[in-house]
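Beneath this line is the structure, given in structure tokens, with notes to follow.
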Amino acid sequence: MNGKQEKNMKNQDNSYMREIIDRDRQIINLNLKINKLVELNSRYLSFMFKIPYIIQRLNTTLILQEIIVSIIEMVKNIVLTDKIGVYLFDALSNKLNRVYMNGMPQQEIDSYALGEDLIGAVAKHRFIMMREDFSRMYPQKQSDRNAKTQFWMAVPIIFKDRLLGVIGIGEIENPIGNESELLKMIADISGVALFNQILLNDAQHKANTDPLTGLNNRNYFFQMAQHYVEKSSHDGTVISLFLLDIDNFKHYNDTNGHDAGDKLLIEISKLIRSSSRKNSIVARYGGEEFIVMLPGIAKEDAYIYADRLREQISHYTFNYFEKQPLGFVSISGGVATFPEDGDTINKVINCADLALYEAKSKGKNRVMVYKAP
Numbered sequence: 037m038n039g040k041q042e043k044n045m046k047n048q049d050n051s052y053m054r055e056i057i058d059r060d061r062q063i064i065n066l067n068l069k070i071n072k073l074v075e076l077n078s079r080y081l082s083f084m085f086k087i088p089y090i091i092q093r094l095n096t097t098l099i100l101q102e103i104i105v106s107i108i109e110m111v112k113n114i115v116l117t118d119k120i121g122v123y124l125f126d127a128l129s130n131k132l133n134r135v136y137m138n139g140m141p142q143q144e145i146d147s148y149a150l151g152e153d154l155i156g157a158v159a160k161h162r163f164i165m166m167r168e169d170f171s172r173m174y175p176q177k178q179s180d181r182n183a184k185t186q187f188w189m190a191v192p193i194i195f196k197d198r199l200l201g202v203i204g205i206g207e208i209e210n211p212i213g214n215e216s217e218l219l220k221m222i223a224d225i226s227g228v229a230l231f232n233q234i235l236l237n238d239a240q241h242k243a244n245t246d247p248l249t250g251l252n253n254r255n256y257f258f259q260m261a262q263h264y265v266e267k268s269s270h271d272g273t274v275i276s277l278f279l280l281d282i283d284n285f286k287h288y289n290d291t292n293g294h295d296a297g298d299k300l301l302i303e304i305s306k307l308i309r310s311s312s313r314k315n316s317i318v319a320r321y322g323g324e325e326f327i328v329m330l331p332g333i334a335k336e337d338a339y340i341y342a343d344r345l346r347e348q349i350s351h352y353t354f355n356y357f358e359k360q361p362l363g364f365v366s367i368s369g370g371v372a373t374f375p376e377d378g379d380t381i382n383k384v385i386n387c388a389d390l391a392l393y394e395a396k397s398k399g400k401n402r403v404m405v406y407k408a409p
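Quick look at the structure:
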């Protein structure tokens with residue numbers, strides 16, 4: 037064999053080797069694709085098998101925390117990540133507030149406005165978005181605050197065209213390509229449960245709220261009173277009550293009209309609410325009467341609070357205040373305390389009512405403390 041033939045044979049051997057290597061590479065790539073498809077199918081199958089259980093579980097609870105737990109479990113078990121954040125949309129503040137966070141940096145933000153960062157952008161545009169999608173859409177918004185977010189993907193939770201929240205997940209080590217589809221399915225299922233929970237909350241709110249003033253109604257007041265009485269039986273907490281009445285309200289109504297009277301009730305309700313502690317129960321008791329429950333407040337301190345509120349109202353420039361018999365809008369009230377003045381809330385209310393009657397009889401625009409005869 038001459039040199040030329042040897043060279044040709046070597047070239048053929050090299051060509052065969054390259055073909056073998058290429059085929060091996062193709063086989064490896066094909067196996068990878070097959071494995072990925074198998075993994076994709078197994079994820080879908082896993083999701084489909086779990087759907088009945090998930091739906092049954094979500095349909096048997098209207099408790100928000102239990103719904104959130106179910107959402108987290110779906111993401112962990114189906115998308116296979118524990119880097120999760122759940123934000124719920126508050127229509128009043130127009131913000132997304134965090135209700136759950138796991139596996140993400142501590143500096144993750146508690147709330148986002150619509151359009152702010154990845155979470156806010158997903159809520160605003162209402163479609164699933166990756167971090168790089170947000171960077172392309174909002175290159176000018178990559179501030180230091182925005183740069184803190186570590187969410188890799190986020191999906192809106194929407195039901196009946198109503199934005200309910202956003203689910204965000206951190207970066208997955210070995211994504212297989214269908215995470216967005218799975219996350220979207222989870223969001224769709226979550227939307228139904230969250231919407232039902234919102235409907236229940238709305239119904240409960242209406243049942244417990246006075247429609248004119250927005251304060252708690254009499255029914256809710258007695259529910260909470262029962263709760264605090266039971267608590268008091270265990271820890272000895274005192275409960276003071278302040279029962280108040282707008283002086284000469286009929287005169288105000290008759291002189292200025294019922295619309296003006298309604299507005300006065302609303303404005304006084306706002307003053308009572310803004311002057312009361314967060315754990316106080318403020319309710320419209322009926323007509324122009326209001327009641328404030330002050331858990332953990334002794335009678336002397338309850339009187340200080342009540343008289344301060346009385347003075348604030350007497351100096352407030354309500355519409356037509358000058359037409360009132362006293363020359364200003366005023367209240368009278370009575371203070372009584374559980375269990376000192378009665379072993380039931382109704383007995384304590386009766387005591388506060390007696391003190392209120394005494395305040396009226398002494399000229400109005402005053403607060404009296406109940407004293408047992």
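The sequence shown begins at 37 in our numbering and counts up one residue at a time. Cβ atoms here follow ideal geometry from the backbone N, Cα and C, with glycine treated the same way.
Three-state secondary structure assigned by DSSP to residue i
{"i": "Asn252", "result": "strand"}
{"i": "Lys398", "result": "coil"}
{"i": "Ile194", "result": "strand"}
{"i": "Ile70", "result": "For Ile70, the pLDDT reaches just 46, beneath the cut-off of 50, and the residue's location in the model is therefore unreliable, leaving the point undetermined."}
{"i": "Leu390", "result": "helix"}
{"i": "Ile108", "result": "helix"}
{"i": "Asn182", "result": "At Asn182 the pLDDT is 46, less than 50, meaning the model places this residue with poor confidence and gives no usable figure here."}
{"i": "Ser366", "result": "coil"}
{"i": "Asn315", "result": "coil"}
{"i": "Asn244", "result": "helix"}
{"i": "Ser23", "result": "Because residue 23 is not part of the residues shown, which for the chain are 37 to 409, the question remains open."}
{"i": "Ile63", "result": "Because the pLDDT of Ile63 is 47, which lies under 50, any placement of that residue in the model is unreliable, and the question is left without a value."}
{"i": "Lys131", "result": "strand"}
{"i": "Ala334", "result": "coil"}
{"i": "Ala149", "result": "strand"}
{"i": "Thr353", "result": "coil"}
Own chain residues within Cβ distance below 6 Å of residue i, not counting five before or after
{"i": "Thr373", "result": "Val274, Ser276, Lys335"}
{"i": "Arg134", "result": "Tyr123, Asp146"}
{"i": "Glu394", "result": "Met404"}
{"i": "Ser397", "result": "none"}
Through-space distance from residue j to residue i, alpha-carbon basis
{"i": "Phe364", "j": "Asp283", "result": "10 Å"}
{"i": "Met260", "j": "Arg172", "result": "52 Å"}
{"i": "Arg320", "j": "Ile327", "result": "6 Å"}
{"i": "Ala388", "j": "Thr249", "result": "22 Å"}
{"i": "Arg309", "j": "Gly369", "result": "16 Å"}
{"i": "Glu125", "j": "Leu362", "result": "Reading the sequence as shown, one finds Phe at residue 125 and not Glu. When rounded, the distance between both Cα atoms is 47 Å."}
{"i": "Ala159", "j": "Thr96", "result": "27 Å"}
{"i": "Ile344", "j": "Lys400", "result": "The amino acid at residue 344 is misidentified as Ile; the sequence shows Arg. Each residue's alpha carbon lies about 15 Å from the other."}
{"i": "Val228", "j": "Phe195", "result": "6 Å"}
{"i": "Asn255", "j": "Met166", "result": "48 Å"}
{"i": "Lys267", "j": "Phe278", "result": "19 Å"}
{"i": "Asn130", "j": "Leu392", "result": "42 Å"}
{"i": "Phe187", "j": "Gly139", "result": "11 Å"}
{"i": "Ala342", "j": "Glu168", "result": "57 Å"}
{"i": "Leu150", "j": "Ile304", "result": "34 Å"}
{"i": "Ile208", "j": "Gly121", "result": "14 Å"}
{"i": "Ile114", "j": "Gly201", "result": "20 Å"}
{"i": "Asn210", "j": "Arg198", "result": "33 Å"}
{"i": "Arg162", "j": "Leu235", "result": "21 Å"}
{"i": "Asn253", "j": "Asp153", "result": "40 Å"}
{"i": "Lys407", "j": "Asp281", "result": "19 Å"}
{"i": "Lys245", "j": "Asn292", "result": "Just to set this straight, residue 245 is Thr in the shown sequence, not Lys. Cα to Cα, Thr245 sits roughly 26 Å from Asn292."}
{"i": "Gly297", "j": "Leu251", "result": "16 Å"}
{"i": "Glu109", "j": "Ala223", "result": "13 Å"}
{"i": "Lys306", "j": "Pro409", "result": "35 Å"}
C-beta atoms of residue i and residue j nearer than 9 Å
{"i": "Val191", "j": "Ile381", "result": "no"}
{"i": "Ile193", "j": "Val111", "result": "no"}
{"i": "Tyr136", "j": "Ile104", "result": "yes"}
{"i": "Gly332", "j": "Asn355", "result": "no"}
{"i": "Phe285", "j": "Glu347", "result": "no"}
{"i": "Lys220", "j": "Ile302", "result": "no"}
{"i": "Leu94", "j": "Ser226", "result": "yes"}
{"i": "Ile317", "j": "Phe257", "result": "yes"}
Spatial neighbours of residue i in its chain, beta-carbon cut-off 7 Å, leaving aside the 5 residues before and after
{"i": "Leu100", "result": "Gln233"}
{"i": "Ser366", "result": "Asp283, Ile349, Ser350, Lys400, Asn401"}
{"i": "Leu98", "result": "Asn232, Gln233, Leu236"}
Status (buried if at least 16 other CB within 10 Å, exposed otherwise) for residue i
{"i": "Arg402", "result": "buried"}
{"i": "Leu330", "result": "buried"}
{"i": "Lys119", "result": "buried"}
{"i": "Gly412", "result": "Only positions 37 to 409 of the chain appear in this structure, which leaves residue 412 out of reach."}
{"i": "Tyr339", "result": "buried"}
{"i": "Ile349", "result": "buried"}
{"i": "Gly156", "result": "buried"}
{"i": "Leu206", "result": "Per the sequence presented here, residue 206 reads as Gly, with Leu not at that position. So Gly206 counts as buried."}
{"i": "Gln360", "result": "buried"}
{"i": "Asn237", "result": "exposed"}
{"i": "Gly378", "result": "buried"}
{"i": "Gly322", "result": "exposed"}
{"i": "Thr117", "result": "buried"}
Sequence-distant residues of its chain with Cβ nearer than 8 Å to residue i (five each side left out)
{"i": "His351", "result": "Phe364"}
{"i": "Ser311", "result": "Tyr341, Arg344, Leu345, Gln348"}
Residue-chain proximity (residue i, chain C), Cβ-Cβ < 9 Å
{"i": "Tyr356", "result": "Note that chain C does not occur in the displayed structure, where there is just one protein chain."}
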